[in-house]
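Once you know that position 291 of the sequence shown is 291 in full-length UniProt numbering, the rest is easy, because the numbers rise by one and skip nothing.
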Amino acid sequence: MDGGGGTLPSMDAFDSFLFSLSNAFSTPLALFVQIQGCVICLVLAFGWACAAYVRNREIKRIKGRVRAGNSFAFICNDISELEHSNQVNLPRVTVIMPLKGFGEHNLHNWRSQVTSLYGGPLEFLFVVESTEDPAYNAVLRLLSDYRDDVDARILVAGLATTCSQKIHNQLVGVEEMHKDTKYVLFLDDDVRLHPGTIGALTAEMEKNPDIFIQTGYPLDLPSGSLGSYCIYEYHMPCSMGFATGGKTFFLWGGCMMVSWFYIYVTTVCVRYQAILTSFDLLQMHADDFRYDRYGVVSGLRDGGYSDDMTLAAIAGAHKRLITSPPVAIFPHPLASDLNLGRYWNYLRKQTFVLESYISHVNKIMNRALFTSHCYLSWGFVAPYFMSMIHVAAALRFYTKGYSLEEAGFSSVGMSMVCSLAACTVIELFSMWNLTRVEVHLCNILSPEAPQLSLASYNWGLVFIAILVDNFLYTISAIRSHFSQSINWSGIRYYLKDGKINKIERSIPKVDMGPIYTDLGGKHLYGKKGMAPKVSFLGSLAKTLAQWRQPKKFDS
């Protein structure tokens, strides 16, 4: 640099690289990627706004019925439905809960399930793999508290050999259900029901016998960790499909009342997690299982990995109806110690579902979902990386005092940064508004429970979680595609031609898998033999090692 005064500073190599990169991100192709990111944000915002409208409309209906004199509007639409003459004619419902492990929220969730205000015959079947499961003794204590109040049993299913342990437990429950049961409700133990949930689901199925499956949406309640916010953000796009006010494309596996809903594609940018293993409630017709209609039992039993995905595929193949009532939304508290490592394990299980299928058409559909979701996930994240470069280049340009000619700096990049920032604010506001409405609806449907609040939500962490989740999704999906195996609650499943063909079980205290579940933090083997917590980086490093050397870890 010339020693004379007034000369401009020379550009160092880092600044030169930064300005070149910023200019490269201002080309037509790069601008398309950034505009696409803005469009994805706005489409998500629009979808959440529509979902909030549907949920809010239901809130207004309930409040309107209360003003009209129905103090029990959170349970039924018409107070006359509570009269004895109507209650004695209600159909029998069997609730089947496949259990694995025991965690901090289980007892509260189970109590909300067995204390339902459904007026018809109702039985609860808790199904565990063995008496060694920590859930077994916990359920025995729970049932002793309600011995004279509810019809409930605990069943020991034994080890699964042809399908996932969860599906095996469900099918054992089906075999043991009452002979007069008309509807069966499959319920995950992390679902917190409202007093009128079973009655509302049953009423819909009685009103429309063509319903194959009924389901609902679990509203994640983050515990404060980044991992819990990643789970919350991962599920939020699914709320669009569940808030259709009727037909939907998605199944939420945890609560399935044997009448499965149809799959309804909301929009190109709505991600398809909802048809993965994250569903918590499904209600169906009991006779569909008794007589193996549409191959429901055989499809699940013979190599089935995911109950939700299998049933959704059957519903699509036979053009059966899947629905989700507007009131089918349930609080889903996440574990207080849900770290990024456990989030990664959960994400792996979710992406692995797309590797299972029951037919060639189902396989093609899953491949399409795999491709589109990976593209949209990184298509969403890429504009933020480009914006970071544009902002860094602008800061260097102004702090170092470079001339436009020397830096070749373009203002186009900063224009895109401003556009993306505006779209992000709109997206986050729409997400906040939908969550606010859903929290309000949950509070109305469970007036006796502690009221939920948005006060603890950290929206800065929500934004970070959006980026983390979308970035990791593609990595997880590719890993699942090449590995064809997954460790789910201490059991490693191997797929061949879309179905489970090999099962290996972990030995506690040894090596092969987690000793707690991912979302609820449930201990799988009791306190003995608990391994130290594994960090997210450690979990990811092991995954990458498995990818490079699958035989070392997977066989």
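Yeah, the Cβ is synthetic: ideal placement off N, Cα and C, and Gly gets one too.
Source: prediction; values computed, not measured.
The beta strand (DSSP E) spanning residue i covers which residue range?
| i | result |
| --- | --- |
| LYS499 | 499–505 |
| TYR493 | 491–496 |
| residue 557 | Here the chain comprises residues numbered 1 to 555, so residue 557 is not present and cannot be evaluated. |
| GLU175 | No beta strand (DSSP E) holds GLU175; the alpha helix (DSSP H) holding it covers 165–176. |
Only counting the same chain, and skipping five residues up and downstream in sequence, which positions put a Cβ closer than 6 angstroms to that of residue i?
| i | result |
| --- | --- |
| ASN470 | SER377, PHE380, VAL381 |
| VAL66 | ALA73 |
| ARG548 | Its pLDDT being 41, under 50, ARG548 is placed unreliably by the model, and nothing is read from it. |
| HIS194 | LEU445, SER446 |
| CYS374 | THR474, ALA477 |
| VAL174 | PHE289 |
Whole angstroms are fine: how far does the CA of residue j sit from the CA of residue i?
| i | j | result |
| --- | --- | --- |
| GLU206 | PRO91 | 9 angstroms |
| VAL297 | ILE358 | 13 angstroms |
| GLY119 | CYS238 | 31 angstroms |
| PRO450 | MET177 | 33 angstroms |
| LEU495 | GLU355 | 8 angstroms |
| residue 593 | ALA152 | The requested residue 593 is not part of the displayed model; the chain covers only 1 to 555. |
| GLY246 | LEU467 | For GLY246, the predicted structure reports a pLDDT of 48, less than 50, and the residue's modelled location is therefore unreliable. A value from the coordinates is still provided. Whole-angstrom Cα-Cα distance: 31 angstroms. |
| ALA392 | LEU281 | 47 angstroms |
| VAL54 | THR424 | 23 angstroms |
| THR474 | PRO134 | 35 angstroms |
| THR131 | ILE464 | 42 angstroms |
| PRO447 | ALA73 | 11 angstroms |
| SER489 | LEU82 | 42 angstroms |
| ASP15 | SER476 | 34 angstroms |
| MET427 | SER85 | Just to set this straight, residue 427 is Glu in the shown sequence, not Met. The alpha-carbon atoms of GLU427 and SER85 are separated by roughly 49 angstroms. |
| CYS255 | LEU117 | Any reading at CYS255 must be qualified, since the residue scores a pLDDT of 45, below 50, and its modelled position is unreliable; the value itself is stated next. Straight-line Cα distance between these residues: approximately 17 angstroms. |
| THR435 | LEU454 | 8 angstroms |
| TYR217 | SER372 | 23 angstroms |
| ARG505 | VAL88 | 46 angstroms |
| ALA13 | TYR346 | 42 angstroms |
| SER278 | LEU187 | Confidence at SER278 is low in this model, with a pLDDT of 46, below 50, so the placement of that residue should be treated as unreliable; the coordinate-derived value is given next. So the two alpha carbons sit approximately 12 angstroms from each other. |
| ILE329 | THR197 | 9 angstroms |
| ALA200 | GLY64 | 18 angstroms |
| VAL127 | TYR343 | 26 angstroms |
| LEU395 | ALA30 | 21 angstroms |
| PHE17 | ILE389 | 10 angstroms |
| LEU159 | GLU129 | 6 angstroms |
| LEU226 | VAL462 | 8 angstroms |
| TYR234 | TRP459 | 14 angstroms |
| CYS76 | ARG61 | 11 angstroms |
| TYR146 | LEU155 | 17 angstroms |
| LEU452 | ALA52 | 17 angstroms |
Relative to the alpha-carbon of residue i, which residue among the options has its alpha-carbon at the smallest distance?
| i | options | result |
| --- | --- | --- |
| LEU321 | THR215, PRO222, ILE329, SER359 | THR215 |
| PRO222 | ASP337, HIS285, LEU495, ALA317 | ASP337 |
| GLN350 | ARG479, GLU81, ASN109 | ARG479 |
| TYR294 | THR323, ILE213, LEU445 | ILE213 |
| HIS481 | LEU281, SER324, LYS63, LYS363 | LYS363 |
| LEU143 | LEU125, GLY460, LEU369 | LEU125 |
| VAL93 | SER489, ILE79, THR181, LEU21 | THR181 |
| TRP48 | VAL191, ARG67, GLY241, VAL462 | GLY241 |
| ASP189 | LYS319, VAL139, TRP110, CYS230 | TRP110 |
| CYS230 | PHE46, LEU472, GLU204 | LEU472 |
| VAL191 | LEU219, THR202, VAL184 | LEU219 |
| PHE352 | SER483, LEU185, GLU233 | SER483 |
| HIS332 | MET236, ALA160, SER415, CYS76 | MET236 |
| PHE25 | LEU445, MET416, ASN443 | MET416 |
| GLY316 | GLY199, VAL174, VAL437, HIS360 | HIS360 |
| PRO121 | GLY227, LYS179, GLY498, SER112 | LYS179 |
| ARG141 | GLU438, VAL184, PHE102 | PHE102 |
Closer than 7 angstroms by C-beta to residue i: which residues in its own chain qualify, once you throw out the five before and the five after it? Chain order, please.
| i | result |
| --- | --- |
| TYR493 | SER164, TYR305, SER485, ILE486, ILE500, ILE503 |
| GLU58 | PRO326, VAL327, LEU441 |
| LEU300 | CYS163, ILE167, LEU171, ASP307, THR310 |
| PRO532 | Any reading at PRO532 needs caution, since the residue's pLDDT is 39, under 50, leaving its predicted position unreliable; the model's value is listed next. The answer is none, since no qualifying residue turns up. |
| ILE79 | ASN70, PHE72 |
Assuming residue i is part of the alpha helix (DSSP H), what are its boundary residues?
| i | result |
| --- | --- |
| MET421 | Note that residue 421 corresponds to Ala in the displayed sequence, not to Met. Per DSSP, ALA421 belongs to the alpha helix (DSSP H) from 412–445. |
| ASP151 | Where ASP151 is concerned, there is no enclosing alpha helix (DSSP H), although the beta strand (DSSP E) it sits in stretches over 151–156. |
| ASP469 | 459–483 |
| residue 557 | Residue 557 cannot be examined here, being either before or after the span of the chain that is shown, 1 to 555. |
| PHE242 | 238–242 |
| LEU185 | Taken as a continuous stretch (DSSP letters only), LEU185 belongs to no alpha helix (DSSP H), being part of the beta strand (DSSP E) at 183–187. |
| HIS194 | First-last for HIS194: undefined, no H or E at that position. |
| GLY224 | Taken as a continuous stretch (DSSP letters only), GLY224 belongs to no alpha helix (DSSP H), as it is neither H nor E. |
Excluding five sequence neighbours on each side, which residues of the same chain lie with their C-beta closer than 8 angstroms to the C-beta of residue i?
| i | result |
| --- | --- |
| LEU420 | GLN34, GLY37, CYS38, CYS41, PRO383, TYR384, SER387 |
| PHE429 | ALA45 |
Which runs of the alpha helix (DSSP H) fall wholly inside the segment 276–348 and span at least 4 residues, in chain order?
286–290, 296–301, 307–317
Suppose only complete runs of 4+ residues qualify. What are the alpha helix (DSSP H) ranges in the segment 7–31, listed by chain order?
13–24
Which parts of the segment 54–135 are runs of the alpha helix (DSSP H), unbroken and 4 residues or longer, counting only runs that do not cross its ends?
84–87, 106–114
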